[in-house]
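Residue numbering for the sequence shown follows this note's numbering, starting at 51 and increasing by one per position. For glycine and all other residues, C-beta sits at the position ideal for the given N, C-alpha and C. Structure record follows, encoded as structure tokens.
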Amino acid sequence: MSNYFNTLSLREQLEQLGKCRFMDASEFEDGVNALKGKKIVIVGCGAQGLNQGLNMRDSGLDISYALRQAAIDEQRASYKNASSNGFTVGTYEELVPDADLVLNLTPDKQHTNVIKAVMPLMKKGATLSYSHGFNIVEEGTKIREDLTVIMVAPKCPGTEVREEYKRGFGVPTLTAVHPENDPEGKGWAQAKAYAVATGGHRAGVLESSFIAEVKSDLMGEQTILCGLLQTGAILSFDKMVEDGIDPGYAAKLIQFGWETITEALKHGGITNMMDRLSNPAKIRAFELSEELKGIMRPLFEKHMDDIISGHFSKTMMEDWANDDINLLSWRAATGETAFEKTALTSDHIIEQEYFDHGVLLVAFVKSGVELAFETMVSAGIIEDSAYYESLHELPLIANTIARKKLFEMNRVISDTAEYGCYLFDHACKPLLEDFMKSVDTSVIGKSYSASHGVDNLELIAINEAIRNHPIEAVGKRLRSAMTAMKEIKTEEVSRATQEALV
């Protein structure tokens, strides 16, 4: 096997990278009919496998789980997840031969072995589906010509796929049909039905490609969605404690600050997030974000270059072959950080205080979202896809930190995302060393300014710069289609979560 993307001509690469179309709601009027009455077998029952399956069953589809014999005999977590929720569970040999649709929802590192085991068992004309195209694009796996291959990729951790569905909404979803595997021309009908079954059609669905999904997904995860949240959390906590802020307060401000601040993004983009600040604090956050963008831009560009070339995937797969020695050591080191180990104060923090005392967090979010978007677009990824992979998914990742800090984020994201998160974090922290020396508790831990006096012309110019960034125009257009989106009352949610954790 070889990297599929690298086997294509430049014209084909650019064509696949630029494949992105926001699908109209009318295209989903058939609902789940294309999969109604079909036998759907999910391979793997982790966060994505379980929660997608729950949504699809609630949407009226026939769902069962195929697991390895050892997982069943030893009653591993995957077996308990499926059986405790009332699903039929069986071995590959028992369930796959009769399946009309097989969903491969195992971790990326298991895909090659899973496909080798499952593909010979699949009946002629069946459909194989992925929720991340790494195995096809980066590993270059070839699928039997008689099989249809589709991708339905919710843009968030599996836990949030379920939570958004239960709230009557969904998460933005990328869909694709592998151009080399659609022999009966049924791929798009099934992909659309699958997206409806998980609730994605309510949030917005992009007709994409395996290549565009993989390259944009890897970039978003490594930079703003996971990597910069981890870097910002650790550096901000250490700065606050160094400057005399109570550690318990500092930990709570960060753990729930990301969730509260990014919720503002979901409904009104960077403009709404920045408007939650006082005018002096907005100006300061803008200045900090511009400084951060200047420092981090080369790192973002390097990550994009390494993803496009396949260098990132190559080094990560080498770590897989070496028993995840880097991944596991980085995971352990993260668990030993002061932020991760500090108990939270029992004092309540009101919603607006997260903005007033978290100007630096706002600056981190603004700089990271804009940089990720700009870098992806410059590499040939269409703006709509770059928006979902940088801005819209961010609140869903931040929600996981609110539950149990960085441990929870890294637990529910994929191993691929986790590896990329650590890789970015370890490169980013040294770059920001001098920057962090230049900031103090006026931008993290305390209110920025008691005065509301600002230069009107400066404020007008900054507001214009914020509102005219390309991601704001794209976001406004895409959010206008998300009519079913409901607001999370962050103060109430955070308070309940805080009380449960203290």
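Same chain, Cβ closer than 8 Å to residue i, neighbours up to 5 away in sequence not counted
i	result
isoleucine 512	Lys332, Ile333 and Phe336
proline 147	Leu171, Met172 and Lys173
glutamine 402	Arg326
alanine 546	The predicted position of alanine 546 is uncertain, since its pLDDT is 42 and thus under 50; a value taken from the coordinates is nonetheless stated next. Within the same chain, alanine 546 has no close Cβ partners at all.
lysine 88	Leu111, Asp112, Asp150 and Leu151
alanine 120	Arg126
alanine 84	Lys236, Ala239, Gln240, Lys242 and Ala243
alanine 245	Phe78, Val202, Thr223, Thr225, His251 and Val255
leucine 481	Ile345, Met346 and Leu349
alanine 515	Phe336
glutamate 508	Ile333
glycine 503	Pro330
From the options, residue whose alpha carbon lies closest to that of residue i
i	options	result
isoleucine 431	Gln66, Lys173, Ser52 and Met290	Gln66
glutamate 189	Ala239, Gly298, Asp296 and Phe362	Phe362
lysine 86	Lys242, Tyr142 and Gln125	Lys242
glutamine 160	Glu514, Cys95, Lys343 and Ser266	Cys95
leucine 100	Asp123, Thr156 and Ile122	Thr156
glutamate 144	Ile304, Arg118 and Asp158	Arg118
glutamate 210	Ile447, Ala515, Asp434 and Phe350	Ile447
glycine 250	Gly208, Ala121 and Pro229	Gly208
glycine 175	Thr191, Ile186, Thr198 and Gly183	Thr198
glycine 318	Val93, Ile90 and Ser530	Ser530
isoleucine 78	Leu509, Glu263, Glu257 and Tyr469	The amino acid at residue 78 is misidentified as isoleucine; the sequence shows phenylalanine. Nearest option by C-alpha distance: Glu257.
histidine 488	Asp406, Lys391 and Leu285	This sequence places serine at residue 488; histidine is not what is there. Answer by Cα proximity: Leu285.
leucine 456	Lys391, Ile400, Arg517 and Leu421	Lys391
glycine 495	Ile304, Asp374, Cys478 and Pro330	Ile304
proline 330	Asp505, Ser266 and Glu420	Asp505
histidine 442	Glu420, His228 and Lys454	Glu420
asparagine 56	Ser359, Ser133 and Ser128	Ser359
isoleucine 510	Ala226, Tyr472, Glu368 and Thr321	Thr321
histidine 182	Asp80, Cys478, Gly282 and Leu153	Leu153
glutamate 263	Thr312, Ile357, Thr384 and Asp80	Ile357
arginine 453	Lys302, Met169 and Ile311	Lys302
lysine 265	Tyr472, Met532 and Lys69	Lys69
Contacts around residue i, its chain only, beta-carbon distance under 6 Å, and the 5 residues preceding and following it disregarded
i	result
serine 339	Ala413, Lys416 and Ser417
glycine 307	Tyr404, Gly408 and Leu411
alanine 247	Val82, Met106, Ser109 and Leu111
methionine 459	Thr450 and Ile451
glutamate 62	none
leucine 64	Gly430
serine 492	Tyr498
methionine 354	Met269, Thr425 and Ala429
leucine 222	Rather than leucine, the amino acid found at residue 222 in this sequence is proline. Once the five neighbours on either side are set aside, the close Cβ partners of proline 222 are Lys205, Ala253, Gly254, Tyr438 and His442.
glutamate 549	Its pLDDT being 38, under 50, glutamate 549 is placed unreliably by the model, and the measurement read from it follows with that caveat. The answer is none, since no qualifying residue turns up.
serine 52	Gly190
glutamate 542	Because the pLDDT at glutamate 542 is just 42, under 50, the model does not fix this residue reliably, and the value given afterwards should be weighed accordingly. Within the same chain, glutamate 542 has no close Cβ partners at all.
DSSP beta-bridge partners of residue i
i	result
tyrosine 115	Ile92 and Val139
serine 246	In the sequence as displayed, the identity of residue 246 is valine instead of serine. DSSP, once it has assigned bridges, lists no residue as partnering valine 246.
serine 179	Leu153 and Ile200
glutamate 257	Arg71 and Thr225
Proximal residues to residue i (C-beta, below 7 Å), its chain only, five neighbours per side dropped
i	result
valine 552	Interpretation of valine 552 is limited by its pLDDT of 34, a score under 50 that renders its predicted location unreliable; the figure taken from the coordinates is listed afterwards. Excluding residues within five positions, the ones whose Cβ falls inside 7 Å are Leu394 and Ser396.
tyrosine 437	Phe423, Ile521, Val524, Gly525 and Leu528
arginine 212	Asn101, Leu104 and Asn105
glutamate 433	Val427, Pro520 and Val524
Heavy atom of the ligand NAP within 7 Å of residue i beta-carbon
i	result
leucine 256	Inclusion of the ligand NAP in the displayed structure is not the case, the ligand content being empty and no account of it being possible.
Would the segment 231-241 and the segment 269-277 be scored as touching if the rule is three or more Cβ pairs under 8 Å? no
Secondary structure, beta strand (DSSP E): runs of 3+ residues fully inside the segment 431-458: none
Between the segment 289-300 and the segment 454-469, do three or more beta carbon pairs fall short of 8 Å? no
Unbroken beta strand (DSSP E) runs of length 3 or more, entirely within the segment 354-380: which are they? none
Restricting to runs no shorter than 4 residues, where is the alpha helix (DSSP H) found entirely within the segment 470-541? 483-487, 506-517 and 520-529
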